[in-house]
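Undergrad: Each residue of the sequence shown is one higher than the one before, counting from 4 in my numbering. This is the structure I want to talk about, given as structure tokens.
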Amino acid sequence: MDKKRDSFSGKLGFVFAAAGSAVGLGNLWRFPYLAAKYGGGIFILIYLILVLTFGFTLMMTEIAIGRKTGLSAVGAFKKLDKRFGFVGYLACIVPFIITPYYCVIGGWVIKYLFAFLTGNVSAAATDDYFTGFIARPVEPIIWFLIFAVLTSVVVIIGVQKGIEKASCILMPILIVLVLGISIFCITRPGAMEGVKYYLLPDFSAFSPTTVLAAMGQLFYSMSLAMGIMITYGSYMKKDVDLHTSVRQIEIFDTAIAFLAGLMIVPSVFVFSGGSEEALGKGPSLMFITLPKVFESMNFGAVIGVAFFILVLFAALTSSISLLETNVSIICDKCHMERKKATILASAYIIIVGAIVSLGFGPLDFVKIIGLGLLDFFDFISNSVLMPIVALLTCISVGFFIKPDFVYEEAECNGKKFKEKKFYTIMLKWIAPICLVLILVFAVSEAMGWISV
Ligand code: PHE
């Protein structure tokens, strides 16, 4: 057990640190490609509804669990109710699945930063630059290693110094830059088509898959259903208002994702046409589209460098929070020294990440339920495990542990928890029912029992 738990200083310190965990590749890389793939406006609409309902409920609950108990997921659930200790363990598996492939993509970001720094802008803007790069056996692994080691170093240095300072300075700069780039993109000839696709919901494009994708993205982007917000809550001081913080994180996270989409989706229309194929590029979308945008800009090389530096920092603050969660679990559970725990977790990440990276090259024949390695890891965590953890969190807190402690946490500064009723109905009924439906759907689709 660590006796002296670091805590975040100041009221905004917590929000910035949690936002630093939440804002990352999920917003900048994952959200735009999902929005492009799943019908633009309809995806955005569903996502927004989910943020305000599911996202709010789960984030309130998780941070309250952490602050109430002062422990990470496993210990926290056990302390609240012995029977639900397993939910904590289940939640802990998720960061172990995500971190390796997160670092692989972090490596791609460093590669592009390097390409822009060395003046290879036009080369990076060509269509096969990306596909050629990820298919190589060794190069992507080297960039991945650089990213993974960077992450570990910051975690070894400690919570406050590493995370808080970096996020406080860099997040606002990132927002300004993303805003600037999206204004540039939507004023290009032909971009209006894309802006319409992005903003106007086309209800005929609705399908349960859209909801599943949006829900997985919600968990991923807000770092929910994986113990992370519980850990962060355990570092949160009592005088910080829970409800306000949750709202601020939500707005921050969603605004950045929205802007990132506004920067990428219309650009797909401008530079590659709005065909289904161009929009459906998946994980590669950001790396294929953005270099084209930068190439067409005055001072594009400089803006590109600045952009990839900031994306790198956003990715790092997130990967740090992923690794931090693992380390804090290992420390709490195995009574292991922090440094040793970090090294152990890092070694694991490096081995699994390298395999995921090879999945685009020499191992690209490996397909599990029809998915490549990265997509498979992504599917298992976002579409299966996270909904299960979210479901168990809602049921255990709603019916067994009882949400009184969440109300208490929300009201501990003499404030009134205005959305108490709404929160409780969401927690006990709406969220669990929707989660069960979503899970059944996800598994049926993956197993090929149904096709949409
Ligand atoms: N939420 C972060 C993002 O949007 C990523 C992340 C996922 C961080 C899972 C921690 C845990 O990029």
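In this text, a Cβ means the ideal position worked out from N, Cα and C, and glycines have one as well. Nothing here was measured: the structure is a model prediction, and the numbers come from that model.
At a cut-off of 7 Å, is N329 close to ligand 1 when judged by its beta-carbon and the heavy atoms of the ligand?
TA: N329: no, Cβ never under 7 Å from ligand 1.
Undergrad: May I ask whether a heavy atom of ligand 1 can be found less than 7 Å away from the beta carbon of V369?
TA: Checking the Cβ of V369 against ligand 1 gives no.
Undergrad: On the DSSP letters alone, give me the boundaries of the alpha helix (DSSP H) that G159 sits inside.
TA: In the sequence on display, residue 159 carries Ile and not Gly. Segment 142 to 160, the alpha helix (DSSP H) holding I159.
Undergrad: Mapping DSSP to helix, strand and coil, what is L374?
TA: Strand.
Undergrad: So what's A67 in DSSP terms, helix, strand or just coil?
TA: The answer is helix: DSSP assigns A67 an H, G or I state.
Undergrad: Using only CA atoms, which one of G43, K336, P406 lies nearest to A260?
TA: A260 has its Cα closest to that of G43, out of G43, K336, P406.
Undergrad: Determine, using beta carbons only, whether S319 and T154 come nearer to each other than 8 Å.
TA: The question names Ser, but residue 319 is Leu in the sequence shown. Contact flag set, yes.
Undergrad: Using the C-alpha atoms, what's the distance from I383 back to L347?
TA: Their backbone Cα atoms lie some 23 Å apart in a straight line.
Undergrad: Classify T121: buried if its beta carbon has 16 or more other beta carbons within 10 angstroms, exposed otherwise.
TA: Exposed.
Undergrad: Between which two residues does the alpha helix (DSSP H) harbouring D205 extend?
TA: No alpha helix (DSSP H) contains D205, which DSSP labels as neither H nor E.
Undergrad: Looking at the structure shown, is Q163 part of a helix, part of a strand, or coil, going by DSSP?
TA: At Q163, the pLDDT of 48 sits below 50, so the modelled position is not reliable and the matter cannot be decided from this model.
Undergrad: Who are the Cβ neighbours of K81 in its own chain at under 6 Å, not counting the five residues just before and after it?
TA: Counting only Cβ-Cβ distances below 6 Å, and skipping sequence neighbours, we find G88.
Undergrad: Just the C-alpha distance for L430 and G264, rounded to the nearest angstrom, thanks.
TA: Answer to the nearest angstrom: the Cα atoms are 30 Å apart.
Undergrad: Report the rounded CA-to-CA distance for L293 versus A128, giving the unit in angstroms.
TA: Each residue's Cα considered, the two are about 8 Å apart.
Undergrad: Just to confirm, does P98 get its C-beta within under 7 Å of one of the non-hydrogen atoms of ligand 2?
TA: Ligands present in the displayed structure are limited to ligand 1, and ligand 2 is not among them.
Undergrad: Check for me: the alpha helix (DSSP H) holding P294 runs from which residue to which?
TA: Looking at the DSSP string, the run of the alpha helix (DSSP H) that includes P294 is 288 to 298.
Undergrad: Could you tell me whether the Cβ atoms of T396 and L53 are closer together than 8 Å?
TA: No, the pair does not count as a contact, with Cβ atoms beyond the cut-off.
Undergrad: To the nearest angstrom, how far is it from the Cα of Q163 to the Cα of V443?
TA: Its pLDDT being 48, under 50, Q163 is placed unreliably by the model, and nothing is read from it.
Undergrad: Taking 7 Å as the limit between beta carbons, can you name the residues of its chain near T427, skipping five residues before and five after?
TA: Here the set comprises P406.
Undergrad: Check whether the stretch 19 to 38 and the stretch 276 to 289 touch, using three or more Cβ-Cβ pairs below 8 Å as the test.
TA: Contact holds: three or more Cβ-Cβ distances are below 8 Å.
Undergrad: Could you tell me if N416 is buried or exposed, where buried requires 16 or more neighbouring beta carbons within 10 angstroms of its beta carbon?
TA: Per the 10 Å Cβ criterion, exposed.
Undergrad: Whose CA, out of F119, I267, I312, lies closest to the CA of F34?
TA: Nearest of F119, I267, I312 to F34, Cα basis: I267.
Undergrad: Is the stretch 61 to 79 in contact with the stretch 232 to 247, if contact means three or more CB pairs nearer than 8 Å?
TA: As far as the Cβ criterion goes, the stretch 61 to 79 touches the stretch 232 to 247, which means the pair count is three or higher.
Undergrad: With 16 as the cutoff for other CB atoms within 10 Å, does H456 come out buried or exposed?
TA: Residue 456 lies beyond the residue range present for the chain, which begins at 4 and ends at 455; the question has no answer from this structure.
Undergrad: If you measure from the CB of I436, is any heavy atom of ligand 1 nearer than 7 Å?
TA: No, ligand 1 has no heavy atom inside 7 Å of this Cβ.
Undergrad: Using a Cβ-based criterion (distance less than 7 Å to any ligand heavy atom), does G110 qualify as near ligand 1?
TA: For ligand 1, not one heavy atom lies less than 7 Å from the Cβ of G110.
Undergrad: Quick check on M232: buried or exposed, where buried means 16 or more other Cβ atoms within 10 Å of its Cβ?
TA: Buried, because 16 or more other Cβ atoms sit within 10 Å of the Cβ of M232.
Undergrad: By Cβ distance, which residues of its chain are closer than 8 Å to E422, with the 5 residues on each side in sequence left out?
TA: Within the same chain, E422 has close Cβ partners F59, H246.
Undergrad: Do the stretch 360 to 372 and the stretch 187 to 198 make contact, defined as three or more Cβ pairs closer than 8 Å?
TA: The answer is no - the stretch 187 to 198 does not touch the stretch 360 to 372, with fewer than three Cβ pairs under 8 Å.
Undergrad: Could you give the distance in angstroms between the alpha-carbon of M225 and the alpha-carbon of R341?
TA: Each residue's Cα considered, the two are about 26 Å apart.
Undergrad: In its own chain, which residues sit with a C-beta less than 7 Å from the C-beta of G110, not counting the 5 before and 5 after it?
TA: Excluding residues within five positions, the ones whose Cβ falls inside 7 Å are P143, W146, F147, I149, F150.
Undergrad: Determine the direct distance from the alpha carbon of G23 to that of Y125, and round the result to whole angstroms.
TA: Here the sequence assigns Ser to residue 125, which means Tyr is not the residue at that position. Straight-line Cα distance between these residues: approximately 32 Å.
Undergrad: Between G283, I372, V158, A350, which has its C-alpha nearest W452's C-alpha?
TA: For the residues G283, I372, V158, A350, the minimum Cα distance to W452 belongs to I372.
Undergrad: In three-state terms, what does DSSP make of A128?
TA: Coil, per DSSP.
Undergrad: When you compare each of N385, V249, V400 to A217 by their alpha carbons, which one comes out closest?
TA: Nearest of N385, V249, V400 to A217, Cα basis: N385.
Undergrad: So, for K6: in the same chain, excluding its five sequence neighbours on each side, which residues have a beta-carbon less than 6 Å away from its beta-carbon?
TA: The pLDDT assigned to K6 is 44, lower than 50, so where the model puts this residue is not dependable, and the model offers no usable value.
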